[in-house]
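The block underneath contains the structure these notes are about, expressed in structure tokens.
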Amino acid sequence: MKQDDFYAYGTISRLLHWSMALCFFFMMATVIAFKIDEEYYSLMIYHKVTGVLLLALGAFRLLWAMGNRKNRPHSALPVKLGHALLYILMLTVPLLGALRQYGAAKGALEFMGVTLIPAASSKVDSFVSLGNQFHGELGIALFVVMIGHIAMAVFHQIKGEKIMQRMAGR
0 MKQDDFYAYG TISRLLHWSM ALCFFFMMAT VIAFKIDEEY YSLMIYHKVT GVLLLALGAF
60 RLLWAMGNRK NRPHSALPVK LGHALLYILM LTVPLLGALR QYGAAKGALE FMGVTLIPAA
120 SSKVDSFVSL GNQFHGELGI ALFVVMIGHI AMAVFHQIKG EKIMQRMAGR
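Note that numbering that gives the first Met the number 0 numbers the sequence shown so that position 16 is 15, with each residue one more than the last.
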């Protein structure tokens with residue numbers, strides 16, 4: 000298993016990056032589906048379960064990145080700031096969704112017999128309000144930042160910096 004080094008990200012970093020990217024694009028697809036036709040609200044359980052998964056993966060990814068910060072490819076300050084913003088949003092958006100789910104006190108979030116978010120004994124209006132106010136808007140902000148992240152990676156690749164190989168594993 001390849002470790003992170005100065006030239007490229009290792010196996011675990013790449014696995015976390017690409018699995019989270021797929022999950023976030025699934026999340027955006029479900030949101031678009033909800034907007035197109037309310038019939039697609041049947042996907043909401045998968046949206047919520049994926050959100051919990053993303054929260055767990057995001058927390059692990061942050062810890063992994065912090066633990067390997069001296070072994071990672073070098074990047075300039077703007078890149079570090081962009082990544083910091085991505086991490087903040089990747090953790091905040093699903094956390095707000097989880098708080099709203101819990102605060103609504105409509106029962107536990109369960110999937111395949113596993114309780115992912117326990118049921119609240121009574122409604123927590125502040126959690127619901129936070130989720131309602133910011134989950135969607137910050138979700139949109141996250142996708143805008145992700146598109147910027149992708150665009151900058153492509154831009155630097157075209158400039159000949161071979162930036163994409165760092166995360167592609169080549």
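Note that beta-carbon positions come from the ideal geometry of N, C-alpha and C, so glycine has one too.
Quick caveat, the model's predicted, so the values are computed rather than measured.
Beta-bridge pairing of residue i - partner residues as DSSP gives them
{"i": "LEU108", "result": "ILE116"}
Whole-Å CB distance - residue i paired with residue j, under 8 Å assumed
{"i": "VAL92", "j": "GLY138", "result": "5 Å"}
{"i": "HIS19", "j": "LEU62", "result": "One point to set straight first is that residue 19 is Met, not His, in the sequence displayed. With 8 Å as the limit, MET19 and LEU62 do not qualify as a contact, their Cβ atoms being about 14 Å apart."}
{"i": "MET27", "j": "THR49", "result": "In fact, because the Cβ distance is near 11 Å, the residues do not count as touching under 8 Å."}
Reduced DSSP category for residue i - H, G, I as helix; E, B as strand; rest coil
{"i": "ASN67", "result": "coil"}
{"i": "ILE162", "result": "coil"}
{"i": "VAL123", "result": "coil"}
{"i": "VAL102", "result": "With the sequence shown as reference, residue 102 is identified as Gly, and Val is not the correct amino acid for it. Helix, per DSSP."}
{"i": "ALA75", "result": "coil"}
{"i": "GLN156", "result": "helix"}
{"i": "GLN2", "result": "coil"}
{"i": "TYR8", "result": "coil"}
Straight-line gap, residue i to residue j (C-alpha atoms, nearest Å)
{"i": "ARG71", "j": "ASP4", "result": "5 Å"}
{"i": "VAL127", "j": "ALA119", "result": "12 Å"}
{"i": "LEU90", "j": "LEU54", "result": "6 Å"}
{"i": "LEU15", "j": "ARG165", "result": "14 Å"}
{"i": "MET145", "j": "GLU136", "result": "14 Å"}
{"i": "HIS134", "j": "GLU38", "result": "21 Å"}
{"i": "ILE157", "j": "HIS148", "result": "14 Å"}
{"i": "VAL153", "j": "ALA104", "result": "44 Å"}
{"i": "ILE162", "j": "PRO117", "result": "42 Å"}
{"i": "VAL51", "j": "GLY112", "result": "15 Å"}
Next on the checklist: Assess contact between the stretch 97-105 and the stretch 59-77, defined as three or more Cβ pairs (one per stretch) separated by less than 8 Å. Is contact present?
Outcome noted: no
Next on the checklist: With three or more beta-carbon pairs closer than 8 Å as the criterion, would you say the stretch 102-114 touches the stretch 44-54?
Outcome noted: Touching, yes, given that three or more Cβ pairs across the two stretches are closer than 8 Å.
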